[in-house]
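Colleague: One structure, as structure tokens, below. Some questions next.
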Amino acid sequence: MYENDSTDEKSWITPFNVVAGLIVVIGLVITILRFTGGLATVTNLSDYNPWGIWIGFDLLVGVALAAGGYVTSAAVYIFGMKRYHSAVRPAILTGFLGYALVVLALHYDVGRPWRLPYPFIVQQGTTSVLFEVAACVALYLAVLFIEFSPAAMEWLGIKRARNLVDKLTLLLTILGVVLSTMHQSSLGALFLIAPSKLHPLWYSPFLPIYFFITSIIAGLSMVILESTLSYRYLKHKMDEVYLKEKNDVTLGFGKAASFVLAGYFIIKFFGLSSGNDWRYLGTGYGIWYLVELFGFVALPCVLYAVGVREKNLVLIKWTSVLAVLGIVVNRFNVCLIAFNWHLPSSERYVPHWLEIGISIFIVTLGILAFRFIVTRMPILYTHTDYKDSH
Amino acid sequence: MSISRRKFLGWVGAAGLSTVWSGPASAATTKHFEGYPDSLGVLFDNLLCIGCRTCEEACNKVNELPPPEQSFKDLSVLDQKRRTTAKTYTIVNRYNSSKGPMFRKIQCNHCLEPACASACFVSAFKKTKEGAVTYDASVCVGCRYCMIACPFEIPAYEYDKVLEPRIMKCTMCYPRVIKGLLPGCVEICPTEALSFGKRKDLIRMARDRIHRYPDRYVDHIYGEHEMGGTNWLYLSGVPYTEVDMREDLGVTPASELTAGALSSVPMIVGLWPVLLTGIYAINKRSDKIAKHERELAVDQAEKAASEEAAKSKAKEDS
Ligand code: SF4
Ligand code: SF4
Ligand code: SF4
């Protein structure tokens, strides 16, 4: 694919670039349709189904998968797991890009995107969970930007500001954890207001806790997955420290993910019994619920544990794919599949292909931005000027 | 590293759980709200409704909504399961109930503690003291969370508008009511199916009807307590589920459903930094101790080595 694109200037017409370029062009066309024809021209949203995949995938899944930033920086800077240090920068970068793209996606989804700052500057709806989400996401995006900035400044050679930001590391990390705890859980809390629309198996007063814990699983799994993909395609950008710590990161994060998944499984079970929802398990939704619980929670939990025990890195990597899929399944269930379950199928939502087009477009932008930055800035290696600073 | 993973998970769990088990706090919620004392409302009695759709027409006219797809004279649409849309604030549907055809009029119920208002992150909705729940399009961002929140599936959205899409819903003719006029639908209704008045009087009136004709009405005023109560009330001759009105909504107002989660905010903001700084300090200190011990060990080793050397030197010398 594009391993040698930075060494060989002439070969930039690679299959990857062609496909990415095509997606970008299509994405831009849909963008024009969206902003000239309104939501009705490109989405299947309706009065019964005001939220589609731009919320279910781009917002809910996006924010969860971008949790690697706070999880990794907390592990290294607060919990003192210094041996994972080389994983921090890629995780922060993924987080930053993830949140930036979430905010970009929201511009497509809301009716009047130019008013997105209104909740802060015009009128504050403080009784709204969404207000909390918006405030935290906005602040956290700023925090991630600052956390990411040293890499950019090292690249640009702005030393003094870079060192200043470096001194703020602990403060920023704590801020990141606080803001993430709040909005990761609040994304689940968004649905607390609609007990009559969300299927009882998924509706639970514990939704905020579920969302928060799964964000840790998502964060850990994404770090593993992202390091695997980077290794495959961007190996030449990695220094010895990164390469040396890489397997350690995979094992350590896999182990942590296995523990968190186990905890999550237990509290899900506890939540199920406290809600006394057993009687739904025999229905179609019940079977789907069990598929989620066993196939996307228990299974990755066991596979991670086995992988760590046998030091089977390949297994851990594939498990991270399964765990990430599990997050997608969970967020889709809460927001789309188990939501509005009471409606007849004719009123249910199925995404328009142009909606899917925008979601793919936005993910592609993220990958392109990631590649652009990683091939230029010290993300997967330490800048020569700062070798001893950790 | 000096924190065991189990401990870490313990904290994570505790922090998350606080979002549920911290009771309602002042910041996020109001106490249970009984409604403004003299607020107004409408009582719909489905035993008196004849399904003529003139209320739909009047609503369309007084609110200057776009012309309908099918003429208001066309009664065949009654059998479709229609809902409120961006072009229709109110709808009348017909259901085949156990007592023959029965009608249901749908529009915003003007909840005492509206879910839409509680959900909106720019406070676009306002519960007026007159009872109507009004909407201010000039601040609306178009996130549509109000539509997710409304348990009665009322707010509709102008998906086809590019620049100024609005949430559309019945206003209980607030502009007319404050001028002393009746809501359009109430004014036009040829029967007594719709009555306008103070909510508390309407409840008394409804009770009275149930009391006088116990075999005609079901003994339940819909909206008296549903979702904390609404200003639009209903009387029915058949169980409400037969006319597609949900009886499983409960009596908890929407604001209380999210209050617990919101009230955990100050807790997270207050506790997390202290906790995290503490953990950091412990780790830093154990790092320091480890370093110190290492230095001590090196020191001792060096000392021992030099003593050894001195000894062997002395031996050699002797
Ligand atoms: S019925 Fe729905 S739109 Fe009307 S006030 Fe209640 S929550 Fe708001
Ligand atoms: S769509 Fe408008 S009115 Fe509804 S919650 Fe969002 S900002 Fe508020
Ligand atoms: S105008 Fe009155 S009788 Fe006619 S459909 Fe409306 S509520 Fe029923």
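Chains as they are written, first to last, in our numbering: chain E, 1 to 390; chain B, 391 to 708. Cβ coordinates follow ideal geometry from the N, Cα and C atoms, glycine included. A quick note: this is a predicted structure, and the numbers were derived from the prediction, not measured.
Is the Cβ of Ile193 of chain E closer than 8 Å to any Cβ of chain B?
Modeller: Looking up residue 193 of chain E in the first sequence gives position 193. Yes - at least one Cβ of chain B is within 8 Å of the one on Ile193 of chain E.
Colleague: So does Cys498 of chain B have its beta carbon nearer than 7 Å to some heavy atom of ligand 5?
Modeller: Ligand 5 is not part of the structure shown, which contains ligand 1, ligand 2 and ligand 3 as its ligands.
Colleague: Please list the partners that Ile327 of chain E has in chain B, where partner means a Cβ-to-Cβ separation under 9 Å.
Modeller: Residue mapping note: residue 327 of chain E aligns to position 327 of the first sequence, counting from 1. The contacting residues do not exist; Ile327 of chain E stays about 16 Å from chain B at best.
Colleague: With DSSP run on the structure shown, which of helix, strand or coil describes Ile23 of chain E?
Modeller: As a working note, residue 23 of chain E is residue 23 in the first sequence. DSSP places Ile23 of chain E in helix when its eight states are reduced to three.
Colleague: Closest Cβ-Cβ distance between Cys449 of chain B and chain E: below 8 Å?
Modeller: Residue numbering aside, residue 449 of chain B sits at position 59 when the second sequence is read from its first letter. Not one chain E Cβ lies under 8 Å of Cys449 of chain B.
Colleague: Between Gly521 of chain B and Leu430 of chain B, which are expected to be in contact by the criterion C-beta below 8 Å, what is the C-beta distance as a whole number of angstroms?
Modeller: Mapped onto the second sequence, residue 521 of chain B falls at position 131. Mapped onto the second sequence, residue 430 of chain B falls at position 40. Contact flag correct, Cβ pair sits at about 4 Å.
Colleague: How about Asp166 of chain E and Tyr547 of chain B: are their beta carbons less than 8 Å apart?
Modeller: Taking the first sequence and counting its residues from 1, one reaches residue 166 of chain E at position 166. Taking the second sequence and counting its residues from 1, one reaches residue 547 of chain B at position 157. Cβ atoms of Asp166 of chain E and Tyr547 of chain B: not closer than 8 Å.
Colleague: Can you check which of these residues, E:Met377, E:Ser274, E:Asn312, E:Asn333, is closest to Leu290 of chain E by C-alpha distance?
Modeller: In the first sequence, residue 290 of chain E corresponds to position 290, counting from 1. Considering only alpha carbons, the answer is E:Asn333.
Colleague: Identify each residue in the stretch 130 to 141 of chain E for which the Cβ-Cβ distance to at least one residue of chain B is less than 7 Å, and report them in chain order.
Modeller: From the stretch 130 to 141 of chain E, only Leu130, Phe131, Glu132, Ala134 have a Cβ closer than 7 Å to chain B.
Colleague: Taking Cβ positions, are Val110 of chain E and Thr364 of chain E nearer each other than 8 Å?
Modeller: In the first sequence, residue 110 of chain E corresponds to position 110, counting from 1. In the first sequence, residue 364 of chain E corresponds to position 364, counting from 1. Going by C-beta atoms, Val110 of chain E is not nearer than 8 Å to Thr364 of chain E.
Colleague: Strictly under 8 Å for the Cβ-Cβ distance: is Gly413 of chain E near chain B by that measure?
Modeller: Since the first and last residues shown for chain E are 1 and 390, residue 413 of chain E lies out of range.
Colleague: Inspect the beta-carbon positions of Val260 of chain E and Ile209 of chain E and report whether they are closer than 8 Å.
Modeller: Here residue 260 of chain E refers to the residue found at position 260 of the first sequence. Here residue 209 of chain E refers to the residue found at position 209 of the first sequence. For Val260 of chain E and Ile209 of chain E, no; Cβs fall outside 8 Å.
Colleague: Just list the residues that DSSP pairs Phe434 of chain B with in beta bridges.
Modeller: Against the second sequence, residue 434 of chain B aligns to sequence position 44. B:Leu584, B:Tyr624, per the DSSP bridge assignment.
Colleague: Look at Ser215 of chain E and Ala323 of chain E and say whether their C-beta atoms are less than 8 Å apart.
Modeller: Taking the first sequence and counting its residues from 1, one reaches residue 215 of chain E at position 215. Taking the first sequence and counting its residues from 1, one reaches residue 323 of chain E at position 323. It is not a contact, given that the beta carbons lie outside the stated cut-off.
Colleague: Given a cut-off of 8 Å on the beta-carbon distance, is the pair Ser508 of chain B and Ile193 of chain E in contact?
Modeller: Within the second sequence, residue 508 of chain B is the residue found at index 118, counting from 1. Within the first sequence, residue 193 of chain E is the residue found at index 193, counting from 1. Cβ atoms of Ser508 of chain B and Ile193 of chain E: closer than 8 Å.
Colleague: Out of E:Leu368, E:Arg376, E:Pro378, point me to the one whose CA is closest to Gly21 of chain E's CA.
Modeller: Here residue 21 of chain E corresponds to residue number 21 of the first sequence, with the count starting at 1. Selected option, being the one with the closest Cα: E:Leu368.
Colleague: Name the one or two DSSP bridge partners that Thr478 of chain B has.
Modeller: Taking the second sequence and counting its residues from 1, one reaches residue 478 of chain B at position 88. Note: Thr478 of chain B sits in a beta bridge opposite B:Thr475.
Colleague: Flag this pair as yes or no: are the beta carbons of Ile316 of chain E and Gly326 of chain E separated by less than 8 Å?
Modeller: Along the first sequence, read from residue 1 onward, the residue named residue 316 of chain E stands at position 316. Along the first sequence, read from residue 1 onward, the residue named residue 326 of chain E stands at position 326. It is not a contact, given that the beta carbons lie outside the stated cut-off.
Colleague: Alpha carbon to alpha carbon, how far is Ile213 of chain E from Lys397 of chain B? Give it in angstroms, no decimals.
Modeller: One-based indexing of the second sequence puts residue 397 of chain B at position 7. One-based indexing of the first sequence puts residue 213 of chain E at position 213. Low per-residue confidence applies at Lys397 of chain B: pLDDT is 44, beneath 50, and the placement is therefore not dependable, though the value from the model is reported in the following sentence. Looking at the two C-alpha atoms, the distance is approximately 15 Å.
Colleague: Measuring alpha carbon to alpha carbon, tell me which residue in E:Tyr264, E:Ile356, E:His199 is nearest Thr283 of chain E.
Modeller: Counting from 1 along the first sequence, the entry for residue 283 of chain E is found at position 283. Here the closest residue by C-alpha is E:His199.
Colleague: Taking any Cβ of chain E, which residues in the stretch 530 to 546 of chain B have a Cβ under 8 Å from it, in chain order?
Modeller: Per Cβ criterion, the list reads Cys530, Val531, Gly532, Cys533, Arg534, Tyr535, Met537, Ile538, Ala539, Pro541, Glu543, Pro545, Ala546.
Colleague: Quick check on the DSSP output: the alpha helix (DSSP H) that includes Trp150 of chain E runs from which residue to which?
Modeller: For this step, residue 150 of chain E is matched to residue 150 along the first sequence. With the sequence shown as reference, residue 150 of chain E is identified as Pro, and Trp is not the correct amino acid for it. Looking at the DSSP string, the run of the alpha helix (DSSP H) that includes Pro150 of chain E is 129 to 156.
Colleague: For a quick check, are the C-beta atoms of Gly373 of chain B and Leu502 of chain B less than 8 Å apart?
Modeller: Residue 373 of chain B lies beyond the residue range present for chain B, which begins at 391 and ends at 708; the question has no answer from this structure.
Colleague: Go ahead and label His183 of chain E buried or exposed: buried means 16 or more other beta carbons lie within 10 angstroms of its beta carbon, across all protein chains shown.
Modeller: The count along the first sequence starts at 1 and reaches residue 183 of chain E at position 183. Label assigned to His183 of chain E: buried.
Colleague: For Phe47 of chain E, return the contacting residues in chain B, with the cut-off set at a CB-CB distance below 8 Å.
Modeller: Residue 47 of chain E sits at position 47 when you count from the first residue of the first sequence. Reading off the sequence, residue 47 of chain E comes out as Asp, not Phe. Residues of chain B passing the Cβ test: Arg473, Thr474, Thr475, Ala476, Met537, Glu543, Pro545, Ala546, Tyr547.
Colleague: What's the gap between the Cα of Pro629 of chain B and the Cα of Met635 of chain B?
Modeller: The residue you call residue 629 of chain B lines up with position 239 of the second sequence. The residue you call residue 635 of chain B lines up with position 245 of the second sequence. Their Cα atoms are separated by approximately 9 Å.
Colleague: Any heavy atom of ligand 1 closer than 7 Å to the CB of Ile544 of chain B?
Modeller: Here residue 544 of chain B is taken as the residue at index 154 of the second sequence, counted from 1. Yes.
Colleague: Note down, in chain order, each residue of its chain lying with its Cβ closer than 6 Å to the Cβ of Tyr426 of chain B, except the 5 sequence neighbours on either side.
Modeller: Residue numbering aside, residue 426 of chain B sits at position 36 when the second sequence is read from its first letter. Same-chain partners within the cutoff: Lys519.
Colleague: Let me make sure I understand the geometry here. Which of E:Leu141, E:Trp202, E:Thr72 has the alpha-carbon closest to that of Glu292 of chain E?
Modeller: Here residue 292 of chain E corresponds to residue number 292 of the first sequence, with the count starting at 1. Answer by Cα proximity: E:Trp202.
Colleague: Since Val102 of chain E is in the alpha helix (DSSP H), which residue starts that stretch and which ends it?
Modeller: As a working note, residue 102 of chain E is residue 102 in the first sequence. Looking at the DSSP string, the run of the alpha helix (DSSP H) that includes Val102 of chain E is 88 to 109.
Colleague: Give a single yes or no on whether Cys533 of chain B has its beta carbon closer than 7 Å to a heavy atom of ligand 1.
Modeller: Working through the second sequence from its first residue, we reach residue 533 of chain B at position 143. No, the Cβ of Cys533 of chain B stays beyond 7 Å of every heavy atom of ligand 1.
Colleague: Any heavy atom of ligand 1 closer than 7 Å to the beta-carbon of Lys559 of chain B?
Modeller: The residue labelled residue 559 of chain B in the question sits at position 169 within the second sequence. Yes, ligand 1 has a heavy atom inside 7 Å of this Cβ.
Colleague: Between E:Tyr99, E:Pro119, E:Asn163, E:Ala134, which has its C-alpha nearest Arg362 of chain E's C-alpha?
Modeller: Counted from its first residue, the first sequence places residue 362 of chain E at position 362. Here the sequence assigns Ile to residue 362 of chain E, which means Arg is not the residue at that position. If we check each option's Cα against that of Ile362 of chain E, E:Tyr99 comes out closest.
Colleague: Rounding to the nearest angstrom, what Cα-Cα distance links Val42 of chain E and Phe35 of chain E in this structure?
Modeller: Reading the first sequence from its first residue, position 42 is the one you call residue 42 of chain E. Reading the first sequence from its first residue, position 35 is the one you call residue 35 of chain E. For Val42 of chain E and Phe35 of chain E, the distance between alpha carbons rounds to 10 Å.
Colleague: Would you say His390 of chain E faces chain B, with C-beta separation under 8 Å as the test?
Modeller: For this step, residue 390 of chain E is matched to residue 390 along the first sequence. Note on His390 of chain E: pLDDT 49, under 50, position unreliable in the model; the coordinate value appears next. No, His390 of chain E does not count as interfacial toward chain B.
Colleague: Taking 7 Å as the cut-off, is the beta-carbon of Val523 of chain B closer than that to any non-hydrogen atom of ligand 1?
Modeller: Here residue 523 of chain B corresponds to residue number 133 of the second sequence, with the count starting at 1. Yes, ligand 1 has a heavy atom inside 7 Å of this Cβ.
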